[in-house]
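Under the numbering used here, think of the first position of the sequence shown as 615, with each following residue one higher.
Glycine is no exception: its CB is placed at the ideal position from the N, C-alpha and C atoms.
Since the model is a prediction, treat every value here as computed from it, not as a measurement.
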Amino acid sequence: MTRVRTGLERLVAAPRPVREGRAGLVTNPTGVLPDLTPAAPALLAAGMRLTTLFSPEHGLRGTAQAGAGEADSTDPVTGLPVLDTYRRSADELDRLISASGVDTLVFDVADVGARFYTYIWTMYDLMAAAARLGLRFFVLDRPNPIGGVLVEGPLVEPACASFLGRAPIPVRHALTAGELALAFNREIGAKLDVVALEGWRREMHFDETGLPWVMPSANMPTLDTALVYPGTGLLEGTNVSEGRGTTRPFELVGAPYVDGRLASELNGTGLPGVVFRDTWFTPTFGKHAGVPVRGVQAHVTDRTAFRPVLTGVSMLHVLRTLHPGEFACLPFLDLLWGSDSLRGRLEAGDDPRSLCAPVPWPPEDGLLYV
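Structure (structure tokens):
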């Protein structure tokens with residue numbers, strides 16, 4: 615098997631493009647070489663004049679839970695200042711970056727292939743800041759761990775634009791961070807360079823890349839989690855537990871009112887590449903914390919056939935059908951889905967699965983790996 619070479623690995627081997635000037639690195643625990651050496655010390659050893667580290671949601675070390683960052687600090691490994699970018703406004707980001715004195719930003723954070731995973735929007739916001747400040751912006755590309763072929767879910771409508779989707783891309787977008795950066799940059803206009811992957815093919819499963827899986831956040835422990843997340847992540851917009859506070863977040867789904875019919879009903883829908891197991895669990899935090907709940911675990915049996923967004927929407931539909939008096943959607947679902955269409959269908963008791971029809975995406979002229 616030929617191993618994929620990441621953008622970080624290629625830049626460390628040939629750092630000339632960013633050797634001059636003061637560089638800031640946007641990274642987290644996923645920014646590592648194949649031998650697990652972190653990006654910051656690797657780039658310093660290669661001769662880059664790295665002066666500041668910037669962190670996304672969950673922080674440089676990955677200790678923060680969802681919806682939080684880590685406080686500004688000093689990195690004990692490199693001695694560099696670490697500045698938290700999470701939930702900063704455009705003006706705050708401009709002031710933060712300007713005060714750091716950097717003239718180049720380098721982004722090396724792994725995505726999981728779902729629009730509402732926030733790292734790509736940190737990239738978007740920092741690209742926009744770089745454009746406003748006249749800085750160069752480099753994206754060190756990494757594989758899309760759930761593949762680069764299948765696209766699912768609608769584009770974001772302007773009324774539902776948020777940090778879960780600043781630009782109109784689908785829920786499962788099938789692009790790498792570098793390809794997304796090229797798409798975003800049509801409007802942003804930053805001085806963008808993408809250090810592309812070598813050896814990656816769109817149809818690759820992540821475990822065919824030869825690269826190590828590193829937890830991108832506290833509730834994304836395994837590749838199995840990433841595979842189901844674009845669908846079961848939608849449960850965050852309901853009163854059903856999406857499995858946070860368990861060892862199998864997003865694979866486990868349940869609520870106090872769910873009974874034993876859920877697994878059999880879901881298995882009867884004929885969803886491709888997945889089987890559901892009736893189970894009980896007690897979340898330690900999040901929804902229904904400390905309460906034993908009944909639900910299902912999604913077991914992916916065929917990664918190629920599996921459709922996570924269709925699966926997630928089908929789970930919502932079956933939950934609403936079985937428990938119309940208890941199941942409830944939250945307004946947050948609109949931000950996850952990118953419009954109010956899914957919530958509207960569910961609350962009306964209609965079947966929402968037609969909303970999973972293909973959309974015109976991706977922009978083929980922006981694909982790096984064909």
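CA-CA distance, residue 655 and residue 925? 41 Å
Three-way DSSP call (helix, strand, coil) for residue 746 in this model: helix
Of the choices 823, 739, 797, whose alpha-carbon is the least far from that of residue 758? 823
Please look up how many angstroms separate the CB atoms of residue 730 and residue 778, rounded, as I've assumed it's under 8 Å. 4 Å
In DSSP terms, what residue 812 is bridged to: 619
Who are the Cβ neighbours of residue 747 in its own chain at under 7 Å, not counting the five residues just before and after it? 708, 711, 712
Report yes if the CB atom of residue 754 is closer than 8 Å to the CB atom of residue 725, and no otherwise. no
Give, in chain order, every unbroken run of the alpha helix (DSSP H) that is at least 4 residues long and sits entirely within the region 907 to 976. 922 to 936, 946 to 951, 955 to 962
Where does residue 899 land, buried or exposed, given buried means 16+ other C-beta within 10 angstroms? exposed
How big is the Cα-Cα spacing for residue 892 and residue 668? 42 Å
Beta bridge counterpart(s) of residue 852 as assigned by DSSP: 943
Could you name the residues of the same chain whose beta carbon sits closer than 6 Å to that of residue 782, not counting the 5 residues immediately before and after it, in chain order? 769, 770
Helix, strand or coil at residue 729 [DSSP, three-state]: coil
What is the DSSP secondary structure of residue 894, reduced to helix, strand or coil? strand
Mind checking which residues open and close the beta strand (DSSP E) that includes residue 667? 664 to 669
Could you pull the DSSP bridge partners for residue 638 from this structure? 666, 719
From residue 645 to residue 694, what distance separates their C-alpha atoms? 16 Å
Assuming residue 868 is part of the beta strand (DSSP E), what are its boundary residues? 866 to 869
According to DSSP, residue 652 sits in a beta bridge with which residue or residues? 646
Where residue 946 and residue 803 are concerned, what is the direct C-alpha to C-alpha distance, given to the nearest angstrom? 31 Å
In angstroms, rounded to a whole number, what distance separates the CA positions of residue 696 and residue 671? 13 Å
Chain-order list of residues whose beta-carbon lies under 8 Å from that of residue 735 (same chain, five-residue window excluded): 777, 778, 779, 780
Quick test of the definition: if touching needs 3 or more C-beta pairs under 8 Å, does the region 865 to 882 touch the region 682 to 689? no
Under 8 Å between C-beta atoms of residue 838 and residue 923: no
Rounded to a whole number of angstroms, what is the C-alpha to C-alpha distance between residue 948 and residue 927? 13 Å
So, at 6 Å on beta carbons, what are the nonlocal neighbours of residue 940 in its own chain, with the 5 sequence-adjacent residues on each side left out? 871
Have a look at the DSSP bridge pairing and note the partners of residue 766. 786
Anticipated Cβ contact below 8 Å, residue 619 with residue 813, distance rounded: 6 Å
State the start and end residues of the unbroken beta strand (DSSP E) segment that holds residue 698. 695 to 698
Could you pull the start and end residues of the alpha helix (DSSP H) that residue 828 belongs to? Element bounds for residue 828: n/a, residue is neither H nor E.
In whole angstroms, what separates the C-alpha of residue 905 from that of residue 897? 7 Å
So, using beta-carbon positions, are residue 966 and residue 937 closer together than 8 Å? no
Three-state secondary structure assigned by DSSP to residue 844: helix
In terms of alpha-carbon separation, which member of 805, 773, 800 lies closest to residue 750? 805
Residue 877 vs residue 910 beta-carbon contact at 8 Å: yes
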